[in-house]
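Here the sequence shown is numbered in full-length UniProt numbering, starting from 1 and rising by one per residue. For glycine and all other residues, C-beta sits at the position ideal for the given N, C-alpha and C.
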Amino acid sequence: MEYDFREIEKKWQKRWAERGTYRVKEDPSRPKYYVLDMFPYPSGAGLHVGHPLGYIASDIYTRYKRLKGFNVLHPMGYDAFGLPAEQYAIQTGQHPAVTTERNIARYREQLDKIGFSFDWDREVRTCDPKYYHWTQWAFLKMFGSYYSYDENRAMPIERLVEAFDRSGTEGLNVACTKELSFTAARWKAMDEAEREGVLQNYRLAFRADTLVNWCPELGTVLANDEVKDGLSVRGGYPVVQKRMKQWLLRVTAYAQRMLDGLDTLEWSDSLKEIQRNWIGRSEGAQIFFGLKGFDEKLEVFTTRADTIFGATFMVLAPEHALVGKIAAPEQREAVERYIEETKKRSERERMADTKRVSGQFTGAYAINPFNGTEIPIYISDYVLAGYGTGAIMAVPAHDSRDYAFAKHFDLPIIPVVEGGDLSVASYDAKAGRMINSDFLTGMDVKEAIPAMIAEVERRGFGSRRVNYRLRDAIFSRQRYWGEPFPIYYKDDIARPLAEDCLPLELPPIENFGPTAEGEPPLARVEGWQTPEGYPYELSTMPGFAGSSAYYLRYMDPHNDSELVSKRANEYWRSVDLYVGGIEHATGHLMYSRFWNMFLYDLGYVCEPEPFRKLVNQGMIQGRSNFVYRVKGTNRFVSLGLKDRYDTQEIHVDVNMVRGDVLDLEAFRRWRPEYADAEFELEDGKYVCGWAIEKMSKSMYNVVNPDQIVRDFGADTLRMYEMFLGPLEQSKPWDTNGIDGVHKFLRRFWRMFFDRDGRPVVTDGEPTADELKVLHKTIKKVTEDIENFSFNTSVSAFMICQNELGALKCTKRAVLEPLAVLIAPFAPHIAEEIWEKLGHEDSVFDARFPEYDERCLIEQSVEYPVSFNGKVRFKKSLPAALSPAEVEAAVLADPAVGKYTEGRTPKKVIVVPGKIVNIVL
1 MEYDFREIEK KWQKRWAERG TYRVKEDPSR PKYYVLDMFP YPSGAGLHVG
51 HPLGYIASDI YTRYKRLKGF NVLHPMGYDA FGLPAEQYAI QTGQHPAVTT
101 ERNIARYREQ LDKIGFSFDW DREVRTCDPK YYHWTQWAFL KMFGSYYSYD
151 ENRAMPIERL VEAFDRSGTE GLNVACTKEL SFTAARWKAM DEAEREGVLQ
201 NYRLAFRADT LVNWCPELGT VLANDEVKDG LSVRGGYPVV QKRMKQWLLR
251 VTAYAQRMLD GLDTLEWSDS LKEIQRNWIG RSEGAQIFFG LKGFDEKLEV
301 FTTRADTIFG ATFMVLAPEH ALVGKIAAPE QREAVERYIE ETKKRSERER
351 MADTKRVSGQ FTGAYAINPF NGTEIPIYIS DYVLAGYGTG AIMAVPAHDS
401 RDYAFAKHFD LPIIPVVEGG DLSVASYDAK AGRMINSDFL TGMDVKEAIP
451 AMIAEVERRG FGSRRVNYRL RDAIFSRQRY WGEPFPIYYK DDIARPLAED
501 CLPLELPPIE NFGPTAEGEP PLARVEGWQT PEGYPYELST MPGFAGSSAY
551 YLRYMDPHND SELVSKRANE YWRSVDLYVG GIEHATGHLM YSRFWNMFLY
601 DLGYVCEPEP FRKLVNQGMI QGRSNFVYRV KGTNRFVSLG LKDRYDTQEI
651 HVDVNMVRGD VLDLEAFRRW RPEYADAEFE LEDGKYVCGW AIEKMSKSMY
701 NVVNPDQIVR DFGADTLRMY EMFLGPLEQS KPWDTNGIDG VHKFLRRFWR
751 MFFDRDGRPV VTDGEPTADE LKVLHKTIKK VTEDIENFSF NTSVSAFMIC
801 QNELGALKCT KRAVLEPLAV LIAPFAPHIA EEIWEKLGHE DSVFDARFPE
851 YDERCLIEQS VEYPVSFNGK VRFKKSLPAA LSPAEVEAAV LADPAVGKYT
901 EGRTPKKVIV VPGKIVNIVL
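The structure is reproduced here in structure tokens:
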């Protein structure tokens, strides 16, 4: 019987499900290991071959750890809330719950066909009320907490109220939006609304006016990664910066702990550096500049207080609260025009576009507190309202971006400024020292910075400050398909829903778009209020809400009374291995760490960090194709003709392209707007452009794994995706190599069975050469799995099969361990072989084979024998011989006489284990 992968894979997938092979529970008698994949968003298009890459890698490691005796938790679920499902609902009228359920069924079918060892009894879906009950619960806990820097942890908000009752804000060292100052008497005199306004300044989940990416067409706020070139990624609609009242999470309170925690994690240095840069810790000074003609002061943060005398202009973010007040009448129109232009650019674009120089003079001036110099104030989009104070003192002689701005607007660039009782403060760049000041003279920069900060504090112009680039997370979206907030409003005050009222379920709705007044879709729901008639919050939570603690819910998914029980949490503790894309470095991973640290502070989890080891898989890239439309027409020109016209490059579905030649009729049928398309051809063909890009539905370059599984089998797909290259690197999908991997599996099968399906395995003693091949492979594969070098493991299996085939090995003592060794990579064929070898239990109940170093020791050495440096013949000798014994054995060989011709060798050089050279 030949290798019938279709029947084998169907058989074992069914049997695994019937037997509950991958179900897991706490078992104190065995060491635990928790493997987690970043769970997918179930889109309507299903999986493409790029999606399983990380899942296959984690599945190999899961199966390996199980074979090593670990009790392995390997769950899977669905990140099921989000904008794509809602937009589809708006377009088609189908409820997101219906389309999401259908998409999940499609994903589950595809995942099962690939043979993953997921414990499906632990499946979670973020759109399930039983799941988002605990997302809402965590939000309420954050709403009811503040962060104490003295305690270095989250504390109940009631403790803060007690402090206000005793002494107001005196001695307060807590995380807040802005510094407040009031007495206990003032606090007690506040009414309920005013008190709640103060508490919102400290709560870890709070409501505030903030700048957001607003998409009028979609009627919702978008995250930075949902915006590109001023347009929504979904739909391509204009996005503007808008100040709105939103819910936020005070992630910034945990900035230092998240920095410190990185040192405890087994993450790549590059990933850690991304997080460090995103958190962006900097030490410096808060300095207040006066404003000419105004009572207010302008607050800046600088890491180089020593350069204050080189500040020749100030720059405010266009959204800065003072801009509207200080703009001079003659500049107001230009300022407002610049602000409107800035609204069209996302913060991410503004940060990334380092070469662009733009700005507008406000007509206002700041006053240098040290010498009274008037400094012109500009606005520019390279300064962000949410970073630092939203204002900078620009020192063009010491900062490249300030320098470019100064050159563009013809502003002074001077490292030396006279003034005040400091006389002259100058930095000698060549010498690297401060000179000519009454207290900075002779200091290098490292000494001058703290000395200047101390002087700032002494004179009352500001204070020492640590600043972070990290911003608080905007936590509300004006959408329907998301977790409802457990918040209602009474007397316009946001109030928490009682925990015993959770979950607050998403109500049914028919129209999923915003109202005519621009309110969120939930405003359409009649009776969206408490039983007492108080309105609920209309916004819903963002996509990252449900994914921030799902790893905890997997530990105890059916617990209706707790997020996770103490018993389950203390057994599984945290994720030992997390596999996912690097694109989540500054979003999901940051929010999950914050969420976990918060729950740790409150005693609900036993580990401060959620993910101990993290591996980022690269992308599988696809070959994209393009057509070229003449702008303003429905005429398409072939690749070689596109430069004759003003054309727009459009991705086209690769399934309509063969050899870069477009199927014209298939293209016309593809979309209604292309039904009457016209084509200008080359040699009677429409030739498409192409590029290697990320495999993505939006680029129409995806390959469906179902087709690969159908034609070659799941084990082939699994091994081939690993064989493509190192896990962490991106690589193009190329079907040319699949057949080679499939042929290897067929040859592997024939090592165990003849053409009639009868086992050929014998019980004889293996030879030293056979054992050497086996143990060499065990060692290589073990090391590769531990290092996630799965591509070289596949190569090792192929080499092993060739070498054992050459030895005509049929020994059970060699082949049976080999079946276990390959099981993590190709579980279906391994299970079938294991059963046919006479085992009743699963191959995954076996033990992973250990290599024996003794079997790897060379028993003999083949010595090249040279005469005067020229190799004449080779001689195989026992490896244990000494150099003298090797010399004697070689000289005794009859072949020596042929080359010495009766002469006595002058010298015999023996390099042990390498070569013998006879000098005549």
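| query | result |
| --- | --- |
| Residue 924: first and last residue of the uninterrupted beta strand (DSSP E) it sits in | This structure cannot settle anything about residue 924, because the visible part of the chain is limited to 1 through 920. |
| Cβ-based burial, asparagine 868 [other Cβ within 10 Å; buried from 16] | exposed |
| Three-state secondary structure assigned by DSSP to isoleucine 509 | coil |
| contact_flag[the segment 574-581, the segment 47-63] where n(CB pairs < 8 Å) is 3 or more | yes |
| Cβ-based burial, arginine 567 [other Cβ within 10 Å; buried from 16] | exposed |
| Counterpart residues of threonine 540 in DSSP-defined beta bridges | Arg477, Pro484 |
| Residue span of the alpha helix (DSSP H) that contains valine 652, given as start and end | Segment 647-652 is the beta strand (DSSP E) holding valine 652; no alpha helix (DSSP H) there. |
| Buried or exposed (CB count within 10 angstroms, at least 16 for buried), serine 167 | exposed |
| Endpoints, the alpha helix (DSSP H) within which lysine 870 is located | Careful: lysine 870 lies outside any alpha helix (DSSP H), inside the beta strand (DSSP E) at 870-878. |
| C-beta contact flag for threonine 777 and cysteine 800 at 9 Å | yes |
| Per-residue DSSP class, three states only, for proline 514 | coil |
| Glutamine 200 (DSSP reduced to helix, strand or coil) | helix |
| Unbroken alpha helix (DSSP H) run spanning isoleucine 738, endpoints | 738-750 |
| DSSP-derived helix/strand/coil call for methionine 76 | coil |
| Cα-Cα separation, valine 227 to proline 542 | 15 Å |
| Test item: CB-CB of valine 741 and phenylalanine 723 under 9 Å | yes |
| Opposing strand residues paired with asparagine 625 [DSSP bridges] | Val652, Trp690 |
| Three CB pairs or more closer than 8 Å across the segment 333-350 and the segment 399-416 | no |
| Rounded straight-line distance, which links the Cα of phenylalanine 788 to that of aspartate 260 | 27 Å |
| Environment of arginine 207 [buried if 16+ CB atoms lie within 10 Å] | buried |
| Residue nearest to leucine 497 in terms of C-alpha spacing, selected from Leu140, Thr99, Leu891 | Leu140 |
| CA-to-CA distance, glutamate 101 to glutamine 94, given in whole angstroms | 12 Å |
| Residue of Phe712, Tyr600, Trp137 minimising C-alpha distance to proline 484 | Trp137 |
| Same chain only: Cβ atoms within 7 Å of valine 456, ignoring 5 sequence neighbours per side | Ala285, Ile287, Ala305, Gly462 |
| Distance between beta carbons of arginine 612 and valine 654, contact taken as under 8 Å | So it is not a contact: roughly 40 Å between Cβ atoms. |
| Nearest residue (CA-CA) to methionine 555, options Pro610, Val843, Ile367, Glu517 | Pro610 |
| Valine 212 versus alanine 385: straight-line alpha-carbon distance, rounded | 11 Å |
| Assigned secondary structure, serine 842 (DSSP; H/G/I helix, E/B strand, else coil) | coil |
| Whole runs of the alpha helix (DSSP H) within the segment 748-808, excluding any shorter than 4 residues | 768-786, 790-806 |
| Arginine 718 vs glycine 144 beta-carbon contact at 9 Å | no |
| C-alpha distance - serine 426 paired with isoleucine 414, whole-angstrom precision | Any reading at serine 426 must be qualified, since the residue scores a pLDDT of 47, below 50, and its modelled position is unreliable; no value is offered. |
| Any 3 or more C-beta pairs closer than 8 Å across the segment 856-866 and the segment 816-834 | no |
| Three-state secondary structure (DSSP) of threonine 99 | helix |
| Nearest candidate by alpha-carbon position, reference lysine 245, set Gln200, Val794, Arg23 | Gln200 |
| Whole-number beta carbon distance between arginine 479 and proline 520, since they are thought to touch under 8 Å | 7 Å |
| Candidates Glu770, Gly69, Pro369, Glu109, of which the one nearest serine 29 by Cα | Gly69 |
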